[in-house]
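The sequence shown lines up with residues 4 to 281 when you count with the numbering used here. Notes follow the structure.
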Amino acid sequence: MIFQKEFAIGELYYVNEREVPILIYEIFKLEAYLRDFLTLEPDSVIFDVGANIGIFSLYALYKCDEKAEIHSFEPIPATFECLQKNLSAFHEQVHVYNLGFANVAEECTADFTVFGASTVTATYRPKDKIISNFQPQLNYDTLLKLSRYRDKKLYYQLKYLPFLRNYLIKKNYNTRTTSTQIQCKLDSLGRFIEKSKITQIDFLKIDVEGSEFEVIKSILPHQFSIVKQMAIEVHDINNRVEHVATFLKEKDYEIKIYRSPAFANLGFNHHMIYARKK
């Protein structure tokens with residue numbers, strides 16, 4: 004089901020209300036995809052891979068004074084519908100696609116996993132999301148810190164009913180990992196660039212919940228010359244941060260790696276890699 008409400012940046016369509024203020028804060032206030040290392044300038048060509056409901060695309064329009072060419076990609080149909088509606092006023096600048104990317108041999112359909120009512124954890128690689136987002140919540144201290152802000156009832160139960168802790172932790176984990184599978188369209192980013200005759204990408208944002216290295220590796224070798232900057236959320240499973248950073252350095256990018264202190268404190272393995280062409 005899709006909802007509509009006024010938020011700090013204007014009226015938005017959404018699936019999960021709780022996620023929206025967090026996305027706005029991270030993207031507009033913290034500038035999580037720039038971090039004083041990357042820039043968004045007018046007349047840029049921008050790819051928003053894993054666009055969700057379009058908050059980053061709206062931010063990019065704002066930073067570029069609405070003078071940009073933006074391609075926004077979201078595979079999950081309900082989330083994509085929100086993306087379409089949220090960006091409909093900018094149809095001349097923004098092109099939206101109900102499409103996901105991975106390192107696949109040809110365009111296909113594939114199962115994506117949606118956990119509960121969450122849109123920000125929908126993924127092509129569910130095992131990675133369980134490791135990154137949900138297993139840390141099996142730790143009492145982590146769950147206590149999280150629940151203090153997102154679920155006051157659970158917070159007080161955990162804190163003051165110690166005999167229920169194990170039950171509450173397992174119940175929370177089981178609830179949050181309850182999932183459904185949705186068939187989505189999938190292609191490789193390199194093939195899309197080639198088919199669409201894209202000759203310039205000034206900013207490539209990738210936030211695809213575990214499939215990030217697959218997306219990067221699907222870019223054809225000669226296409227890296229047209230990609231000037233990248234902001235990539237990386238889940239550090241099996242040294243993936245190091246592997247992605249090394250891969251991009253070999254493609255002649257200068258790299259900055261950032262891990263949110265809050266995420267580190269909670270035991271989440273999310274990192275940001277910022278890359279700009281030398």
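Ideal Cβ placement from N, Cα and C applies to all residues, glycine included.
DSSP state of residue i mapped onto helix, strand, coil
i: Ile-240; result: coil
i: Asp-131; result: helix
i: Phe-266; result: helix
i: Asp-190; result: strand
i: Thr-180; result: coil
i: Asp-51; result: strand
i: Asp-154; result: coil
i: His-246; result: helix
i: Ser-75; result: strand
i: Glu-257; result: strand
i: Leu-141; result: helix
i: His-94; result: coil
i: Cys-111; result: strand
i: Leu-33; result: coil
i: Thr-126; result: strand
i: Leu-146; result: helix
i: Arg-168; result: helix
i: Thr-82; result: helix
i: Glu-215; result: helix
Identity of the residue in the options nearest residue i by Cα
i: Ile-219; options: Gly-57, Ser-199, Arg-194; result: Arg-194
i: Ala-81; options: Asn-106, Val-48, Ala-54, Phe-271; result: Ala-54
i: Gln-232; options: Ala-71, Phe-50, Lys-8; result: Phe-50
i: Ile-79; options: Asp-114, Glu-72, Leu-64; result: Asp-114
i: Gln-96; options: Leu-33, Phe-104, Gln-87; result: Gln-87
i: Ala-278; options: Met-4, Gln-184, Phe-31, Lys-208; result: Lys-208
i: Ala-234; options: Ile-185, Glu-215, Gln-140, Cys-67; result: Glu-215
i: Gln-186; options: Ala-63, His-238, Tyr-127, Tyr-159; result: Tyr-127
i: Lys-130; options: Ser-182, Ala-265, Ser-121, Asn-268; result: Ser-182
i: His-98; options: Glu-109, Glu-77, Phe-40; result: Glu-77
i: Leu-26; options: Phe-10, Asp-39, Lys-280; result: Phe-10
i: Gln-226; options: Pro-165, Ser-191, Asp-144; result: Ser-191
i: Ile-1; options: Phe-166, Val-230, Glu-212, Arg-262; result: Residue 1 cannot be examined here, being either before or after the span of the chain that is shown, 4 to 281.
Per DSSP, the bridge partner or partners of residue i
i: Phe-6; result: Tyr-17
i: Lys-280; result: Tyr-256
i: Gly-103; result: Leu-189
i: Ala-234; result: Lys-208, Tyr-277
i: Phe-271; result: Answer is none; Phe-271 lacks a bridge partner.
i: Phe-118; result: Ser-182
Cβ-Cβ separation, residue j to residue i (assumed contact under 8 Å), whole Å
i: Ile-308; j: Ile-134; result: The structure shown does not extend to residue 308, since the chain is modelled only from 4 through 281, so no value can be given for it.
i: Leu-146; j: Asn-177; result: Incorrect: roughly 13 Å between the Cβ atoms, too far for contact.
i: Ser-91; j: Ile-73; result: With a Cβ gap of about 13 Å, Ser-91 and Ile-73 do not count as contacting.
i: Cys-111; j: Leu-189; result: 5 Å
i: Ala-105; j: Ser-221; result: 7 Å
i: Val-23; j: Leu-33; result: At roughly 15 Å, the Cβ-Cβ gap does not stay under 8 Å, so Val-23 and Leu-33 are not in contact.
i: Val-48; j: Asp-255; result: No, Val-48 and Asp-255 are not in contact; Cβ-Cβ is about 19 Å, not under 8 Å.
i: Ile-5; j: Glu-84; result: 6 Å
i: Glu-236; j: Asp-210; result: 5 Å
Exercise. Is the segment 186-203 touching the segment 247-254, taking contact as three or more C-beta pairs under 8 Å?
Worked result: Contact between the segment 186-203 and the segment 247-254 is absent, because fewer than three Cβ pairs lie under 8 Å.
Exercise. Do the segment 273-280 and the segment 53-69 make contact, defined as three or more Cβ pairs closer than 8 Å?
Worked result: no
For this session: Spell out a yes or no on whether the segment 10-19 and the segment 36-48 are touching, meaning 3 or more CB-CB pairs, one atom from each, closer than 8 Å.
Result: no
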